[in-house]
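*Asks:* Let me begin by handing over the structure; questions about it come next.
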């Protein structure tokens, strides 16, 4: 099974959040669109990608959009990863014994990002790092929230177009 394709309705789920509380996709979508970034802390492409997801969170997190990571690791490892990479976005914890949410979303590789419309429809499905998809996500968030589009890639940064997960 491949990762959910664009146009697919995303399965609803609830997961515990790092630091306490829970993340409910249903509640998030009631607020507006959502960006979910599935990752594993040992994955080099995840280590590259998540700081850019954090940039999107810092640019738009105050808007009517939810931006969250979904970790495939335990709380202790995820907390260390968040500290190392300066992540402040909410981080949900998939059950490491069976990965039920990752499996519902058809993950075969990480990172995998899904940008969801408020209806829950997958607007962008990205496996690995894709500069074009990250820029598209930023444009979509700006359009759907009425915010000014924020750059994901800063001027002068040397960033590849694609890195496989």
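In the working numbering, the protein residues as written are 21 to 185.
Glycine included, every Cβ here is placed at the ideal spot set by N, Cα and C.
On a predicted model such as this, the values are computed, not experimentally measured, just so you know.
1. By Cβ distance, which residues of its chain are closer than 6 Å to residue 36, with the 5 residues on each side in sequence left out?
2. Report the CB separation of residue 146 from residue 136 in whole angstroms; it is logged as a contact under 8 Å.
3. Tell me which same chain residues have a C-beta within less than 8 Å of the C-beta of residue 25, skipping the five on either side of it?
4. Given this structure, state the Cα-to-Cα distance separating residue 78 from residue 118, to the nearest angstrom.
5. Measure the CB-CB distance between residue 65 and residue 92 and report whether it falls below 9 Å.
6. May I ask which residues mark the beginning and end of the beta strand (DSSP E) holding residue 135?
7. Using C-beta distances below 8 Å, list every residue in its chain close to residue 68, excluding the 5 sequence neighbours before and after it, in chain order.
8. Would you identify the three-state DSSP class for residue 66, choosing helix, strand or coil?
9. Restricting to Cα atoms, I'd like to know which of 34, 31, 54 and 27 is closest to residue 138.
10. So, is residue 122 buried or exposed, given that buried needs 16 or more other C-beta atoms within 10 angstroms?
11. With distances taken between CB atoms, is the gap from residue 164 to residue 27 smaller than 9 Å?
12. Considering just the uninterrupted stretch of the alpha helix (DSSP H) at residue 158, what are its terminal residues?
13. Where do the ends of the beta strand (DSSP E) carrying residue 147 lie?
14. Does DSSP classify residue 121 as helix, strand or coil?
15. Give me, in chain order, the residues of the same chain whose beta-carbon lies closer than 7 Å to that of residue 75; leave out the 5 immediate sequence neighbours on both sides.
16. Let me know the beta strand (DSSP E) ranges lying completely inside the stretch 77-129, each 3 residues or longer, listed in chain order.
17. With 16 as the cutoff for other CB atoms within 10 Å, does residue 170 come out buried or exposed?
*Replies:* Reading off the structure:
1. 42 and 113
2. At roughly 12 Å, the Cβ-Cβ gap does not stay under 8 Å, so residue 146 and residue 136 are not in contact.
3. 142 and 145
4. 31 Å
5. no
6. 132-136
7. 149 and 183
8. helix
9. 54
10. buried
11. no
12. 151-165
13. 142-147
14. helix
15. 172
16. 86-91 and 111-113
17. exposed
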